[in-house]
Each structure stands twice: as C-alpha cells, then as structure tokens.
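Quick note: the sequence shown uses this note's numbering, first residue 286, plus one each step.
Just so it is clear, CB atoms sit at the ideal spot from N, CA and C, and this is done for glycine as well.
See below for the structure under consideration.
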Amino acid sequence: MIQHDSSPSRKDIRKKKQANRVASQASTRIGTMLIKIVLLGLVDALSAYSAFILAEQGNWIILSIVVATTIVVNWIYFRRDGLVAKYLTPGLIFLLIFQLFAICYSTYIAFTDYGTGHNSTKEQAISSLIQSSQRRVQGSASYKISIVECGKTLNFLVTMPHGEAQIGSEKTPLHEVASATKDDAGQAVSTPGCSTLSFNDLLSWQDEVTSMRVPMSADSQDGTLRTADGQTALVYKSLLKYDAAKDIMINTQTRVRYYDTGVGAFTSKGGSRLSPGWQINVGISNFRQVFTSQEMRGPFLQVLVWTIEFSVISVASTFVLGLLLALVFNNSRMKGRAVYRSILILPYAFPAFLSALVWQGLLNEKFGYINQVLLHGVDIPWLESPALAKIAVLIVNLWLGFPYMFLVSMGALQSIPKDLSEAAELDGANAWQIFRLIKFPLLLVSIAPLLISSFAMNFNNFNLIYMLTNGGPINANTNMNVGSTDILISMVYKIAFVGADRNYGLASAFSIIIFIVVAVVSAIGFRASRSLEELN
Numbered sequence: 286m287i288q289h290d291s292s293p294s295r296k297d298i299r300k301k302k303q304a305n306r307v308a309s310q311a312s313t314r315i316g317t318m319l320i321k322i323v324l325l326g327l328v329d330a331l332s333a334y335s336a337f338i339l340a341e342q343g344n345w346i347i348l349s350i351v352v353a354t355t356i357v358v359n360w361i362y363f364r365r366d367g368l369v370a371k372y373l374t375p376g377l378i379f380l381l382i383f384q385l386f387a388i389c390y391s392t393y394i395a396f397t398d399y400g401t402g403h404n405s406t407k408e409q410a411i412s413s414l415i416q417s418s419q420r421r422v423q424g425s426a427s428y429k430i431s432i433v434e435c436g437k438t439l440n441f442l443v444t445m446p447h448g449e450a451q452i453g454s455e456k457t458p459l460h461e462v463a464s465a466t467k468d469d470a471g472q473a474v475s476t477p478g479c480s481t482l483s484f485n486d487l488l489s490w491q492d493e494v495t496s497m498r499v500p501m502s503a504d505s506q507d508g509t510l511r512t513a514d515g516q517t518a519l520v521y522k523s524l525l526k527y528d529a530a531k532d533i534m535i536n537t538q539t540r541v542r543y544y545d546t547g548v549g550a551f552t553s554k555g556g557s558r559l560s561p562g563w564q565i566n567v568g569i570s571n572f573r574q575v576f577t578s579q580e581m582r583g584p585f586l587q588v589l590v591w592t593i594e595f596s597v598i599s600v601a602s603t604f605v606l607g608l609l610l611a612l613v614f615n616n617s618r619m620k621g622r623a624v625y626r627s628i629l630i631l632p633y634a635f636p637a638f639l640s641a642l643v644w645q646g647l648l649n650e651k652f653g654y655i656n657q658v659l660l661h662g663v664d665i666p667w668l669e670s671p672a673l674a675k676i677a678v679l680i681v682n683l684w685l686g687f688p689y690m691f692l693v694s695m696g697a698l699q700s701i702p703k704d705l706s707e708a709a710e711l712d713g714a715n716a717w718q719i720f721r722l723i724k725f726p727l728l729l730v731s732i733a734p735l736l737i738s739s740f741a742m743n744f745n746n747f748n749l750i751y752m753l754t755n756g757g758p759i760n761a762n763t764n765m766n767v768g769s770t771d772i773l774i775s776m777v778y779k780i781a782f783v784g785a786d787r788n789y790g791l792a793s794a795f796s797i798i799i800f801i802v803v804a805v806v807s808a809i810g811f812r813a814s815r816s817l818e819e820l821n
C-alpha cells in the first residue's frame, strides 16, 4: 500500500509566505492611509476654522494664503509620488510661519507708527474717543434696570419712562423686547431666554457691571447708559462729536475742532492731539529718526559702540580661555582629564538666565558673596557703576561662554592628524612653533564659522543683559530709557515694551538695523574664513 506525503511542498510554502507578505503590505498601506486621512483631517479642520475667523475679520489676503496652502498640502500627501516633498513640506510651512512671516511683518511695522495711541484703525479710534470722553448728562432721567445674562453676554433690561421694556449690551444698542416680565411696580425684571442676576450675583459681577456702557441707539451721539449699583442707570454723552462729512472731531464744550492732518491723530490748529489715534504708514520716518534725531542718535551710537565692544570682547575672551583649556586638557600625560572636562562644562549645562540671576546675587554691593566673603566686606558697586557694570557683564559672559569654546576647540584639536606634529618635531620645531604654524591655522578653518555665529549670538544676547543688569545703571546723559550696559536688542525691548509710550514701529526699525549690521559682519567673516580655508 502506497503512502502519500501530506506535508506541503516548497512551492506551496513560498506561495503562502508571498500571500502573507502581500496581506501584510496591504494592511500596512491601509493603516498608513487611515493615519494620513486622520492627520490631514485635523489640518483641514484647523484650516477651515482659521478661514472662518479670517473671513469674519475681512482679512482676505491671509485667507487666500491659508486656503491655497491647505489645497497644496492635501495634493502633496494624497498623490503617490513626491516623497521628498512630503518630508520637506512641514519644515517649509513652519519656516514660512515662524521665520519669513515674522521678518516680513516686522519690516511692515517698521514703516508704520504702530505703538501706544496708534494701534487701531481710524474707525476704532473715533469710537474710542467718543466713548472715553463721555460725561453724565446733567438733569437727565434715571432708568430702572435689571441685569440679565443672555448666553454669555451681560445686558441691561431697561424700563423706559413710558413703561416699555428695552434690552441692550455693550455691542448691541437698546432695542425693544417683545415679552418682558414686570413686577408690581411695573419694572421689567426678566425676559425669555435670559437669566436675571440676583443681588449676590451682582456683587460677584460688580466690576463688569459698573464698567458697562450700553448705547442708547445706533447713533453714538445719543450717548450710553451706565450704572453704579446695577439697579438704576444714567445717561452719559460724549464731549466729542464726529462730523463724518467734514472728517473733523468737535469738542462740544470748548468748540475746538480737530482735523485729520495725516499724522494718525485728530489735531487742532494749535497743535494739540487727541489720543488715541490710529495706525498709518510713515515711510522711512522711523529710520530717519534713528539717525537724524539728536535725542536718539547719541544714545543709539553709544549703545551700538558698546554692543560691538561687548560682542568682540566676549568672543575673543571666551575663545582664548576655551582654547587655552583645550590645549591643556588635550595633553595625554594629564591624569583625570575626563573629570576635569566634566567640571569645566558645568556653566554650559545650566540655563544662562538662571546663572545670570545667581551672578546678580553674587555681585550685590551690600550682601553679595564676592564683596562680603572674597573681598572681606568691601563695598564695590559692581552693578551700580557704569564702568564696573560693563566689566561685570563681560566676566559673567566669559563664565557662561568659555565651556562652549572649550568643547569646540577640543574637538578641533583632536581632529588634527598627529602626523603633522610629529613631522614638525622631527624638523626641529618647538611646541610654540607647532601650535602657531600648524595647529592654530588648521584650528581656525573649523572654528572661524563658529566664532562668527558666536558674535551674532552675543550681539543679541538679551538674556544676560536683562537678567544681570536690566541694562542699568541708568544713563543720565540721555532722555531715553537707556542704561549703560544696554545692547541694541535690550534697547529695542525697552522701546517696544517698557514704559507708557511704546513704539513698536521704531523698535521694528531698530530690529532691521540690527539685522543689517549682523548680516554685514557675518558676510565679511564668512568670506575671510573661506579665504583662510583656501589658504590652508
């Protein structure tokens, strides 16, 4: 009797493995497609939400960019080929948003007067002027009101003199309400779809209620209702009246007229301006002010010179100290080099702003460790004297910066072939000649670009200046808010964000100047380093 082998053949095994592989690939493709659909769905949902917001604001240019970008992203990721584009697209989008857009917007702001009193449109400025100049109308009737919350908006439910009920909010003028519930005295106390605030609720919402200004009608000249107790309201009217036909603002009390003279604010013939104004394009006025205004040119040049000094000295000192330590610890005869290296990079391991705060305490004139312990109680005004503050800034920056130069110099020295040094020794060169003629030129080839980037970093080293001295001590020789240790970037910060008069347009102009200076210095430095590389 013949027995047949029931085990599968090799051909069947191969077919089965191939089928399993095909099924696995199909499953992977389906899973990948589902993940792609989910991620693109999130992107499309975010884009749709952004599109609605932009459409409500009337920002059609940005809306068009968002829609076009969304269409391109969907096309890139739903087509089969274009693998490189799929990897590059996220990075390009973030580059456009966080780099190119920021640069373009800053450039645009530099040509405007955007800042305190000039941060809105003309229509918003007119509305703000009328609202801010309101005064109570003497002898006007008081209105019985109830505070009601409709959705998430607080409203005045007003009982008018003839008994009818009207409702309105800060954004919606008073209008008649059809069905309002009234109490025995005839006061409207509630309306369908809204909840009436109790006395305890009024106490919780006191600030919000007392700050409300509800327009009497669509015409802003009719005034607004305001309340101090949440129960009665008085009429307030603006001292200013806007004549749209003549485009002038009139003070109804003094009869002074204010005109739009093209400076972004209503200005009287006597030169007085109403605030707030509105944002306008001023051309190169901000740049002209930097270089031609005596009040600003002097402080700017002083800060520019100190910024260059600070950057050059910082780069030179950190490089020299880092290179010296690298030469010492690159010697194979030294024991425990790994331990010493770990200790030396500790300043680089801690966040710079924390280290600056610690140094601020160490350098305190009265209670600092340096004065009280190391110098036996001597009161040295490290951070109060202009000259000593600059020295303190350079010392602290040396502490923070030398570990980086130590690391890169160590790596560059270790990459230099030992054969060159050995050959020079055979030719009779001493250690100094080997370093000066062989190691240092080769070292500069790889270190020079890093020195240029370090210069750019120190040119904009805002953290150190802000945390250690806040730009101080104050420079008494100028009317600007500029200190003796301020560098350009900290000066820009003060112009933009410190004080009551903030000028974002001028700060943006300074930012562009900083960019040009750093770009020019970097271009010169990179050309010099390229020449050095060709020479070597």
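Exclusion of the five residues before and after A637 leaves L685, N748 and L749 as the residues of its chain whose Cβ lies within less than 7 Å of its Cβ. Around the beta-carbon of C389, fewer than 16 other beta-carbon atoms lie within 10 Å, marking it exposed. Per DSSP, V767 is not a residue of any alpha helix (DSSP H), being assigned neither H nor E.
Of all C-beta pairs linking the region 759-775 to the region 375-392, fewer than three are shorter than 8 Å, placing the two stretches out of contact. Measuring C-alpha to C-alpha distances from G662 to each of V643, K302 and K651 identifies K651 as the nearest.
Per DSSP, reduced to three states, the secondary structure at R815 is helical.
Judged by beta-carbon spacing, I723 lies beyond the 8 Å limit of L698, meaning their Cβ atoms are not closer than that value. The distance from the Cβ of F396 to that of N566 is about 6 Å, consistent with a contact at the 8 Å cut-off. When secondary structure is reduced to three states using DSSP, M776 falls in the helix class.
In the DSSP secondary-structure assignment, E434 is bridged to L439 and S480. Counting every other CB atom within 10 Å of its CB across the protein chains shown gives V624 a total below 16, marking it as exposed. The region 478-533 is shown to contain whole alpha helix (DSSP H) runs of 4 or more residues at 484-489 and 491-495, in chain order. For G453, there is no enclosing alpha helix (DSSP H); the residue is part of the beta strand (DSSP E) that begins and ends at A450 to G453.
For I680, DSSP assigns no beta-bridge partner whatsoever. Going by beta carbons, V494 and T481 fall outside the 8 Å limit. The criterion of a C-beta distance shorter than 8 Å is satisfied by L679 and I598. In the three-state reduction of the DSSP assignment, G400 falls in the strand class, which pools E and B.
With 16 or more other CB atoms across the displayed protein chains lying within 10 angstroms of its CB, Q564 is buried.
Within the DSSP bridge table, the entry for T444 names K429 and A450 as partners. Annotation for D545: the continuous beta strand (DSSP E) segment containing it runs R542 to D545.
Counting only residues of its own chain and dropping the five nearest sequence neighbours on each side, S391 has a CB closer than 8 Å to the CB of S793, S796 and I797.
Counting the other Cβ atoms within 10 Å of the Cβ of K522 gives 16 or more, which makes it buried. T355 sits in a helix when the DSSP states are folded into three classes. Counting only residues of its own chain and dropping the five nearest sequence neighbours on each side, A741 has a CB closer than 7 Å to the CB of V803 and S807. Under the three-state reduction of DSSP output, Q423 falls in the coil class, being neither helix nor strand. Taking C-beta atoms as the reference points, G790 and D398 count as a pair closer than 8 Å. Of the candidates I432, T438 and N682, N682 places its Cα closest to the Cα of F595.
Under the three-state reduction of DSSP, R558 is assigned to strand. Distance between T457 and I430, taken at the CA atoms: about 16 Å.
Burial is judged here by how many other beta carbons sit within 10 angstroms of a residue's own beta carbon; S640 has at least 16 and is buried. C-alpha of M318 to C-alpha of K300: approximately 27 Å in a straight line. Cβ atoms of G568 and A550 stay farther apart than 8 Å, at about 17 Å.
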